[in-house]
Amino acid sequence: MTTPTRDRIYLDHAATTPLDTDVRRAMVEVLDGPFGNPSSVHASGRLARAELDRARRQVADALGAQPHEIVLTSGGTEANNLAIAGLARRRGRDHIAVSAIEHHAVLRAAWALRDRGVPITEVPVDAHGRVTPDTLAALLRSDIALVSIALANNEIGTVQDIPALAETAREAGALFHTDAVQAVGQLDINVDRLGVDLLSLSGHKIYGPKGIGALYVRDGVELEPLAWGGAQEMGRRAGTENIPAAVGFARAVTAACASRRTTSARLAELSGELIDAVLAKVPHARLTGHPTARLPSISSFAFADVDAEPLLINLDLDGIDASSGAACEAGSLEPSHVIEALGLPPAYRPGPLRLSLGRDTTRAHVLRAADVIARHANRLHAAPQPAAARLGAR
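So this is what it looks like as structure tokens:
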């Protein structure tokens, strides 16, 4: 597996990852193999069904779940939407609580329900991006049906104490959903140890294919489908299943969980070096997110009096792929809702930078990246001027 080009340093693995060779091979075998509709009862259909059932079982095993609790989706966004909107549709106008720093796949699903009359509570976070059980407990009411808090934040990497938060929700009679898209392969995602009722996954964050993900739905939790049609996915998602993607997704999830401990240790060491180097070289830099309870792959910073756009463009011109936060928001000039929620001083809010490491990242990569980041961040900080005037400055 290689980065997009040999002379570039790819530090945006939280946005997407390259397709793993073994995953690709497994998908090609299925593409060249059983082509039948898995809902058909003839031999071709049964062969396809066997592949689908095997993939579902592998995903379930990775979560410590049962195969019938796994709903295959088009990705993390659909999984999050199904958890939020599917529960609200089933239960009517029951109240939903979400953290203020959720991925927009959760937040915008909640806001859409709010526009239709469903009460929504946004749970604040502390300066490190964490929700405390006491904060959550103080906001829970008897009509809250669901609490949704991500296991790990996609922009700043902060990891939540999901077992404690889920227990707090359960004591109030609410179900608990967690977006675990960023956490797979780095954190424990066993649903019983987490204590969750619903959990979202995505394939392309873990060297699997794009366009595939899953929602774990604990036995007894009823969701209204978002799409109507056939009875696929236990009646929760209509449409003929994408078997090659499902097989690739299952292979990626299995591999990520099997290598979790060694992967996390290596990434934590590299991220530690990157964080230390950037903070040492850039006096006006702040680490965002929790200093220790964070994903080992994500290093996130805010720079005083530096706009993210010119910084990212200059990094790109110097061969470093990075981001200012969520990839799906990269075209927006609005401040990140995650950075806003942390309560940083105004000077730091326009300049967030997320660096997310992966399998191919080396010590040489992070040390070079720190040098380049320091050069551009210090220059932009020292000579503030309209963004258009500084984009071309090298």
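Using numbering that gives the first Met the number 0, read the sequence shown as starting at 0 and increasing by one per residue.
Glycine included, C-beta positions come from ideal geometry on N, C-alpha and C.
Quick one: grab the DSSP three-state call for residue i.
i: Ala144; result: strand
i: Asp93; result: coil
i: Glu339; result: helix
i: Ser258; result: coil
i: Phe248; result: helix
i: Thr167; result: helix
i: Leu71; result: strand
i: Val29; result: helix
i: Val22; result: helix
i: Ile161; result: helix
i: Asp320; result: strand
i: Pro334; result: coil
i: Asp11; result: strand
i: Pro349; result: coil
i: Gly391; result: Residue confidence for Gly391 is low, a pLDDT of 41 falling below 50, so the modelled location carries little weight; the figure read from the coordinates is stated next. Gly391 falls in the coil class under three-state DSSP.
i: Ala182; result: coil
i: Ile83; result: helix
i: Ala279; result: helix
i: Ala149; result: coil
i: Ala303; result: coil
i: Thr253; result: helix
i: Thr16; result: coil
i: Asp191; result: helix
i: Glu399; result: Nothing in the structure corresponds to residue 399, since the chain is present only between 0 and 393.
i: Ser38; result: coil
i: Ala386; result: The pLDDT assigned to Ala386 is 46, lower than 50, so where the model puts this residue is not dependable; a value taken from the coordinates is nonetheless given after this. Note: Ala386 maps to helix in three-state DSSP.
i: Gly156; result: coil
i: Pro66; result: helix
I want to check one thing, is the minimum distance from the CB of residue i to the heavy atoms of the ligand PLP below 6 Å?
i: Arg89; result: Here there are no bound small molecules, and the ligand PLP is not part of this structure.
Looking at the secondary structure, which residues open and close the alpha helix (DSSP H) in which residue i lies?
i: Leu186; result: Counting along the chain, Leu186 falls outside any alpha helix (DSSP H), and DSSP gives it neither H nor E.
i: Arg107; result: 103 to 114
i: His364; result: 362 to 381
i: Ser43; result: 42 to 62
i: Pro132; result: 132 to 138
i: Arg293; result: First-last for Arg293: undefined, no H or E at that position.
i: Arg418; result: Residue coverage of the chain in this structure runs from 0 to 393, which leaves residue 418 outside it and unanswerable.
i: Asp125; result: Unbroken run through Asp125: none, as it is neither H nor E.
Quick one: is residue i buried, meaning 16 or more other Cβ sit within 10 Å of its Cβ, or exposed?
i: Glu268; result: exposed
i: Arg129; result: buried
i: Ala276; result: buried
i: Thr361; result: exposed
i: Glu339; result: exposed
i: Asp315; result: exposed
i: Glu170; result: exposed
i: Ala137; result: exposed
i: Gly342; result: exposed
i: Pro180; result: The residue asked about is misnamed: residue 180 is Val in this sequence, not Pro. The residue in question, Val180, is buried, as its Cβ has 16 or more Cβ neighbours within 10 Å.
i: Pro309; result: buried
i: Val70; result: buried
i: Asp178; result: buried
i: Ser39; result: exposed
i: Glu221; result: exposed
i: Glu166; result: exposed
Output needed for residue i: all residues of its chain with C-beta closer than 7 Å, excluding positions within five of it in sequence on either side, in chain order.
i: Glu50; result: Val29, Pro33, Ile242, Val246
i: Asp11; result: Asp320, Ala321, Ser322, Ser355
i: Val371; result: Leu314, Asp317, Ile319
i: Ala173; result: Leu139, Ile143, Ala144, Leu145, Val146
i: Val105; result: Asn79, Ile83, Val97, Ser147, Asp178
For the beta strand (DSSP E) that contains residue i, what are its first and last residues?
i: Glu121; result: 119 to 122
i: Ile100; result: Per DSSP, Ile100 belongs to no beta strand (DSSP E) and is neither H nor E.
i: Asp178; result: 174 to 178
i: Arg285; result: 284 to 286
i: Ala307; result: Where Ala307 is concerned, there is no enclosing beta strand (DSSP E), although the alpha helix (DSSP H) it sits in stretches over 307 to 316.
i: Leu197; result: 197 to 201
For residue i, which residues in the same chain have their Cβ closer than 8 Å to its Cβ, ignoring the five residues on either side in sequence?
i: Gly234; result: Pro224
i: Arg19; result: The amino acid at residue 19 is misidentified as Arg; the sequence shows Asp. Counting only Cβ-Cβ distances below 8 Å, and skipping sequence neighbours, we find Met0, Tyr206, Gly207, Arg250, Ala251, Ala254.
i: Arg192; result: Gly63, Pro162
i: His94; result: Val117, Pro118, Ile119, Thr120, Arg140, Asp142, Ile143, Ala144
i: Glu240; result: Pro37, Leu51, Leu71, Gln231, Glu232
Can you list, in chain order, the residues of its chain with a C-beta nearer than 6 Å to that of residue i? Leave out the 5 residues immediately preceding and following it.
i: Glu272; result: Val365
i: Ala292; result: Val158
i: Thr120; result: Ala96, Leu138
i: Pro66; result: Arg55, Arg56, Ala59
Taking only runs of the alpha helix (DSSP H) that begin and end inside the segment 206 to 246, which ones reach a length of at least 4 residues, in chain order? Complete alpha helix (DSSP H) runs here, min 4: none at all.
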